[in-house]
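Residue numbers (this note's numbering): 2 to 562.
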């Protein structure tokens, strides 16, 4: 009997020693707030702010997971793709019908579904925090900065019995401080708490010991890629949220942690994370803006940039300042002049951090692209149908000196106006929506030159504003320019219209980014306008190859389903 009692004490003392990160005392529930969002959701920044405020008021008890999913998360053009393989199923079981929506511990508070509007999150959170929990969760993690291996240690202790014989342990990997486009937030919005991966797959790992006194101890390892959907992964911005649920719904409690970092860190390592330039340029100069991150252990106090457009003359710019480890800074470079082509590239390289050689040469260069603004005639026609909520729509036309030449309001209803402009000057047409969601109920804006040479056709959600640069030139120069052929809408999801006022359109084929033909349009007649159904194409980037009387013209389009 004494021997058995000794073995019991030995086992129990080992059990207590092994519990290093979870409490065995009864606690109240923590909250996991899953927010469903998207980069093209104009109201979602308000949801982000609401969730952040709730977490700030409960810093150790509330943890946010921002899940980009649904149609608002579909990117177009240069927009980031923050979707994951897990988001649609998590959203699907919530019953959400609008954005932003969120769940608080995936609990049904009212209405038979877990998804709620942002005005309900705080009350639901307070209710959940006041409830006792039958289990506690603890989590810790580290990242090897050299191998990119993350090791996550999760412990759970049941202070009571679960009503379910099987629970599910979930480990979510999130990334903070991703600066990218957000409708109503601009092109450099700070995306926080962004789900990038589930280490325990879609619904977590099964836990089969769920009675009082059960102790769960799990280790997970995962090699973190350098990017998700072409968005760079910054190791210093990652964090973990671990939680346990009774089913695929009803989260019991959870915990979050920032991983510690192990392995040798370079002394001098500068990464260029993004470059901000116009998508279309009319002038022969621009001012590039780059966002850099100091990945070196030493504070970054000086840096040299070398940059050029279209492999032309190289300019240098010397920056001085003070950026700590893993901190970012936006740096405005000097104006650069160049010969403007129809398609253009700018290359920027950062060298000599702190006057020394960069220890990592894989992340200090970035290449951006931009197009020549559309060439049109000196007479430009505006056709505006504001649709419903037209009082939110306004517009103006400015010249190179930003002088307003023409302006108007959507509250005036359907509008047609002729702009008489100077030859070879540069102009910006700017369309505004004060609410931030663009046109509703059939609204559109069409800009076209003489002979119905279309400059831009705008419809749907364009956010708070859209800028259309263009340059009037002679009709003969326009007709010799391949940009004389236009495709709209772009992005598209149902059909596209290919329009030309001079060149006759014959056959058309569409290829994916690998060059594989995915669609073709063949006609025995010559057309100036062709409608093509693209509903069979999945979301992505495609190239439209247009055969005209004067050759083959290729255009890039984005398809969003």
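Quick reminder that beta carbons are idealized off the backbone N, C-alpha and C, glycines included.
Pick from the options that is closest to residue i, judged by C-alpha positions
i: residue 467; options: 443, 438, 131; result: 438
i: residue 471; options: 215, 459, 450, 461; result: 450
i: residue 428; options: 281, 533, 40; result: 281
i: residue 349; options: 64, 146, 335, 324; result: 335
i: residue 185; options: 149, 462, 548, 117; result: 462
i: residue 423; options: 153, 83, 475; result: 475
i: residue 382; options: 371, 411, 416, 352; result: 416
i: residue 21; options: 110, 83, 156, 119; result: 156
i: residue 486; options: 297, 498, 492; result: 498
i: residue 367; options: 399, 240, 290; result: 290
i: residue 102; options: 86, 85, 122; result: 122
i: residue 203; options: 86, 183, 299, 181; result: 86
i: residue 456; options: 555, 384, 514, 399; result: 384
i: residue 116; options: 177, 106, 95; result: 95
i: residue 386; options: 458, 304, 430; result: 458
i: residue 93; options: 37, 45, 147; result: 37
i: residue 40; options: 113, 183, 110, 77; result: 183
Three-state secondary structure (DSSP) of residue i
i: residue 4; result: Low local confidence applies: a pLDDT of 41 at residue 4 is under 50, so the model's placement there is unreliable, with the coordinate-based value given in what follows. Residue 4 falls in the helix class under three-state DSSP.
i: residue 549; result: strand
i: residue 89; result: helix
i: residue 240; result: strand
i: residue 390; result: coil
i: residue 351; result: strand
i: residue 194; result: coil
i: residue 46; result: helix
i: residue 298; result: coil
i: residue 14; result: Residue placement at residue 14 is flagged as unreliable, the pLDDT there being 37, under the threshold of 50; a coordinate-derived value is accordingly withheld.
i: residue 9; result: Any reading at residue 9 is ruled out, since the residue's pLDDT is 38, under 50, leaving its predicted position unreliable.
i: residue 176; result: strand
Classification of residue i by the beta-carbon crowding that lies within 10 angstroms, buried from 16 upward
i: residue 99; result: exposed
i: residue 142; result: buried
i: residue 2; result: No answer about residue 2 holds up, because its pLDDT of 43 lies below 50 and its placement is not dependable.
i: residue 49; result: buried
i: residue 354; result: buried
i: residue 404; result: exposed
i: residue 532; result: exposed
i: residue 61; result: exposed
i: residue 131; result: exposed
i: residue 534; result: exposed
i: residue 365; result: buried
i: residue 412; result: exposed
i: residue 256; result: buried
i: residue 268; result: exposed
i: residue 83; result: buried
i: residue 12; result: Low per-residue confidence applies at residue 12: pLDDT is 37, beneath 50, and the placement is therefore not dependable, though the value from the model is reported in the following sentence. Its Cβ having fewer than 16 others within 10 Å, residue 12 is exposed.
i: residue 90; result: exposed
Residues sharing a beta bridge with residue i, DSSP
i: residue 206; result: 170
i: residue 131; result: Looking at the DSSP assignment, residue 131 forms no beta bridge with any residue, so it has no partner.
i: residue 493; result: 560
i: residue 278; result: Paired residue(s): none; residue 278 is not in a bridge.
C-beta neighbour in chain B for residue i, strict 8 Å
i: residue 530; result: Of the protein chains in the structure, only one exists, and it is not chain B.
Inset, instruction - Pair every Cβ in the stretch 371-378 with every Cβ in the stretch 444-464, then say whether three or more of these pairs are closer than 8 Å. - result: Touching, yes.
Legend entry - At least 3 beta-carbon pairs within less than 8 Å: the stretch 51-65 vs the stretch 142-161: As far as the Cβ criterion goes, the stretch 51-65 does not touch the stretch 142-161, which means the pair count is below three.
Inset, instruction - Would you check if there are 3 or more beta carbon pairs closer than 8 Å linking the stretch 61-79 to the stretch 31-49? - result: Result yes; three or more Cβ-Cβ pairs closer than 8 Å.
Legend entry - the stretch 219-228 in contact with the stretch 245-258 per 3-pair CB rule at 8 Å: They do not touch, by the three-pair rule.
Legend entry - Sufficient close CB pairs (3 or more, under 8 Å) joining the stretch 268-283 to the stretch 163-173: By the criterion of at least three beta-carbon pairs nearer than 8 Å, the stretch 268-283 is not in contact with the stretch 163-173.
Legend entry - Inter-stretch contact at 8 Å, needing at least 3 Cβ pairs: the stretch 166-185 / the stretch 119-128: Cβ pair count under 8 Å is below three, so no.
Legend entry - Cβ contact (3+ pairs, closer than 8 Å) linking the stretch 180-197 and the stretch 205-212: The count of Cβ pairs closer than 8 Å, one atom from the stretch 180-197 and one from the stretch 205-212, stays below three, leaving the stretches out of contact.
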